[in-house]
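So the sequence shown is numbered by the numbering used here: it starts at 1 and just counts up by one. Positions of the beta carbon are idealized from the N, C-alpha and C atoms, including for glycine. So the structure is just underneath, and the comments pick up after that.
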Amino acid sequence: MEIGAGRLLWECLVALAVIVPTLIVGAISVLVLYLVYQHRRFANIPSPPRKDFFTGHARLVMETINKGSSFSDFVVEQMRIYGSIFHLFMFTKPSIICLDPSCTKQILHSTTHFKPPAEVQFFWNVYGQRYLHHGLLTESNVTKHMKRRALFDPAFHRKYLKNLISSFNKSANVLIDKLAKVADGKTEVLMLDEFNKFTLDVLAKVAFGLDLLEDKGFNKAICKSLVGVEICFYKPWIQWSPLASDRKFRQECRESVRLIRETGRQCVQDRIDAKKRGEPIPNDILTYILQQSDDLQGDEDFNMENMLDEFCTFFIAGQETTANLMAFMLVELGHHPDVMHRLQTEAKAVLGDSDYVKFEDLGKLEYMMLVIKETLRLWPPVIGTSRQLAHEETLLGYKIPAGTPVWLNTYTMGRNEKYFPDHLDFNPDRFIDTGEDRHLFTHFPFSMGIRSCIGQQFALIEARLIMSRLLQTFNFRLVPGQPRGDVLQEILIKPKGRCKNYITLAE
């Protein structure tokens with residue numbers, strides 16, 4: 001019996017010694033054949049040399065980033081060499097980078113191409129905790145996205161936001177009162193941090209009737225959750241790491257997301273309960289959404305959890321993006337005092353001595369709008385967007401197979417001399433309306449088509465209002481040592497020096 005059992009064990013080990021290597025060799029062979037097939041499918045499209053057969057261009061991209069550059073600058077460099085269309089392989093996954101206005105129009109105005117699930121899944125859950133899930137920003141199903149978008153669109157229309165202008169002004173006054181206390185010309189003020197607090201306050205008040213300005217826990221949770229998403233993207237192995245530090249990090253991220261969602265849950269439920277009791281309720285975006293959705297009972301695809309997906313989405317997509325825009329504006333103004341002088345002159349001419357910006361005043365801030373456009377051309381917080389092709393497309397003469405992700409990069413196109421001569425110069429006048437739509441498909445910081453940013457008008461109202469009030473009230477001087485191109489790219493791009501300024505009261 002013992003001899004028979006030993007023999008059986010030996011035979012099993014021998015079989016494993018043969019089977020396991022065979023399976024490994026077979027798997028590698030299948031992978032090699034698949035990569036050969038993929039490489040041949042895109043061989044006719046320009047591309048930088050791959051670092052090696054298996055990783056494709058992944059090492060090339062990471063080496064660029066590790067040298068202190070960014071993925072955006074990597075794409076700019078490749079555009080200079082390979083032109084307006086080229087492909088990249090990130091291990092087994094091909095992507096097309098297309099930097100031509102015709103492609104922008106063709107892809108973004110299609111109603112069939114969709115957000116690549118592989119690129120938005122990092123927002124769905126953070127280490128197992130539901131986050132944005134399938135909110136407006138991350139929904140890949142075109143039909144579901146259009147249905148949800150139709151529900152929300154009226155709440156973000158200029159006509160509706162016009163009625164909320166007093167809330168924008170209240171938040172602006174809070175920031176101005178705070179800055180006035182340090183306007184001594186000596187104190188370094190990190191304006192990016194102040195803008196982040198301001199945009200959080202505006203979004204909380206205007207959209208949800210919440211006062212989160214002093215809620216340090218919520219602010220911290222927003223930051224931690226974004227770090228969690230970033231780490232999921234750049235270091236996916238962390239989600240399986242047994243190290244104590246990594247387990248602690250994952251737990252902190254999950255707790256942060258839970259805090260954000262529970263804050264939203266309490267806010268939404270309190271509003272529903274107040275409506276049922278017949279109490280006065282704020283005329284804000286949340287009230288509109290609840291009215292249109294019959295208090296989350298009118299549509300089986302839009303319940304409380306779906307509403308919390310959107311609650312998280314609004315803060316992630318609408319807070320830091322606008323804060324970064326305004327910080328980049330101040331950095332550019334610090335390097336271009338002539339532009340700052342023109343803006344201050346315009347702000348004082350439009351607002352006079354008033355400490356309240358009327359909705360009608362915003363349209364009179366014409367030069368302000370040019371400065372915003374030029375800032376977004378050079379420093380769009382969201383560098384671009386992508387679509388996965390629902391069917392084969394021909395782009396610039398190349399046939400692109402269905403299922404291929406196509407990247408459209410507004411940051412890179414903003415640095416193309418063909419569309420923007422002297423592209424590194426900060427020249428707001430280049431956006432003066434001449435009756436030609438020469439920038440229509442070369443400049444898309446808010447994306448385009450059916451997935452254009454739903455918060456575009458919200459952000460433009462917010463930026464024009466606060467920047468006009470700040471320039472009416474204060475003089476800003478950059479703390480030395482903050483070059484224009486000193487940019488930090490995480491999920492979004494932002495000024496690396498956090499836009500440190502000395503502030504004094506304007507005369």
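{"Asked": "In terms of DSSP beta bridges, what is Cys98 paired with?", "Found": "Ile85 and Leu408"}
{"Asked": "With burial defined as no fewer than 16 other Cβ atoms inside 10 Å of the residue's Cβ, what is the status of Val257: buried or exposed?", "Found": "buried"}
{"Asked": "Evaluate contact between the segment 394-411 and the segment 81-89, counting only Cβ atoms and requiring at least three cross-stretch pairs below 8 Å.", "Found": "yes"}
{"Asked": "Have a look at Ile372 and Asp100 and give me their C-alpha separation to the nearest angstrom.", "Found": "23 Å"}
{"Asked": "Can you tell me whether Leu192 is helix, strand or coil according to DSSP?", "Found": "helix"}
{"Asked": "How is the alpha helix (DSSP H) around Glu374 delimited, first residue to last?", "Found": "Glu366 to Leu378"}
{"Asked": "Take Gly68 as the anchor and find which of Lys500, Glu490, Arg498 and Cys499 has the nearest alpha-carbon.", "Found": "Glu490"}
{"Asked": "Does the structure place the segment 458-471 close enough to the segment 316-334 that three or more beta carbon pairs sit under 8 Å?", "Found": "yes"}
{"Asked": "Where does the unbroken alpha helix (DSSP H) through Asn219 begin, and where does it stop?", "Found": "Lys216 to Tyr234"}
{"Asked": "Output the boundary residues of the alpha helix (DSSP H) element that contains Gly470.", "Found": "Checking the sequence, you will find Leu at residue 470 rather than Gly. Residues Gln456 to Thr473."}
{"Asked": "Which two residues bound the contiguous alpha helix (DSSP H) that contains Gly363?", "Found": "Segment: none, Gly363 is in no alpha helix (DSSP H) and carries neither H nor E."}
{"Asked": "Between Glu346 and Phe431, is the Cβ-Cβ spacing less than 8 Å?", "Found": "no"}
{"Asked": "Quick one, which of Lys105, Thr112, His109 and Glu139 has its alpha-carbon nearest Val120's?", "Found": "Glu139"}
{"Asked": "Where DSSP assigns a beta bridge to Val487, which residues make up the other side?", "Found": "Pro495"}
{"Asked": "Taking DSSP as the reference, what is the three-state secondary structure of Met1?", "Found": "With a pLDDT of only 47 at Met1, under the threshold of 50, the placement of this residue in the model should not be trusted, and no figure is reported."}
{"Asked": "Just the Cα atoms here: how many angstroms apart are Cys98 and Thr104?", "Found": "8 Å"}
{"Asked": "Might you give, ordered along the chain, the residues of its own chain that have their beta carbon closer than 8 Å to the beta carbon of Pro48, omitting 5 neighbours on each side?", "Found": "His57, Leu60, Gln78, Ile81, Tyr82, Phe86 and Leu88"}
{"Asked": "Looking at the unbroken alpha helix (DSSP H) that takes in Gln269, where does it start and where does it end?", "Found": "Ala244 to Arg277"}
{"Asked": "Between which two residues does the beta strand (DSSP E) containing Lys500 stretch?", "Found": "Lys500 to Leu505"}
{"Asked": "Excluding the 5 residues flanking Thr112 on each side, which residues of the same chain have their C-beta closer than 6 Å to its C-beta?", "Found": "Ala390"}
{"Asked": "Counting C-beta neighbours from all protein chains within 10 Å, is the total for Pro445 16 or more, i.e. buried, or is it exposed?", "Found": "buried"}
{"Asked": "Report the rounded CA-to-CA distance for Thr199 versus Thr322, giving the unit in angstroms.", "Found": "7 Å"}
{"Asked": "Can you tell me whether Asn66 is helix, strand or coil according to DSSP?", "Found": "helix"}
{"Asked": "Compare the Cα-Cα distances from Ser70 to each of Gly481, Cys312, Ile383 and Phe420 and report the closest residue.", "Found": "Ile383"}
{"Asked": "Which residues in the same chain as Gln38 place their Cβ atom closer than 7 Å to its Cβ, once the five residues preceding and following it in sequence are excluded?", "Found": "Thr92 and Pro94"}
{"Asked": "Check Asp52 in the structure and name its three-state DSSP category.", "Found": "strand"}
{"Asked": "On the criterion of 16 or more Cβ atoms from any shown chain inside 10 Å, does Met1 qualify as buried, or is it exposed?", "Found": "Confidence is the limiting factor: at Met1 the pLDDT is only 47, short of 50, which leaves the residue's position unreliable, though a coordinate-based value still follows. The residue in question, Met1, is exposed, as its Cβ has fewer than 16 Cβ neighbours within 10 Å."}
{"Asked": "Taking the C-alpha atoms as reference points, what is the distance between Asp301 and Ala244?", "Found": "39 Å"}
{"Asked": "Does the distance from the C-beta atom of Leu460 to that of Thr313 stay below 8 Å?", "Found": "no"}
{"Asked": "Does DSSP classify Tyr37 as helix, strand or coil?", "Found": "helix"}
{"Asked": "My output table needs one value for Val61: the three-state DSSP class, helix, strand or coil.", "Found": "helix"}
{"Asked": "In chain order, what residues of the same chain have a beta carbon less than 6 Å from the beta carbon of Ala221, not counting five sequence neighbours either side?", "Found": "Ser256, Leu259 and Ile260"}
{"Asked": "Using 8 Å as the Cβ pair cut-off and three pairs as the minimum, do the segment 191-206 and the segment 483-500 touch?", "Found": "yes"}
{"Asked": "What is the rounded straight-line gap between the Cα of Asn163 and the Cα of Glu63?", "Found": "50 Å"}
{"Asked": "To the nearest angstrom, how far is the alpha carbon of Glu305 from that of Gly334?", "Found": "44 Å"}
{"Asked": "Anyone know if the C-beta pair for Gln456 and Leu161 falls short of 8 Å?", "Found": "no"}
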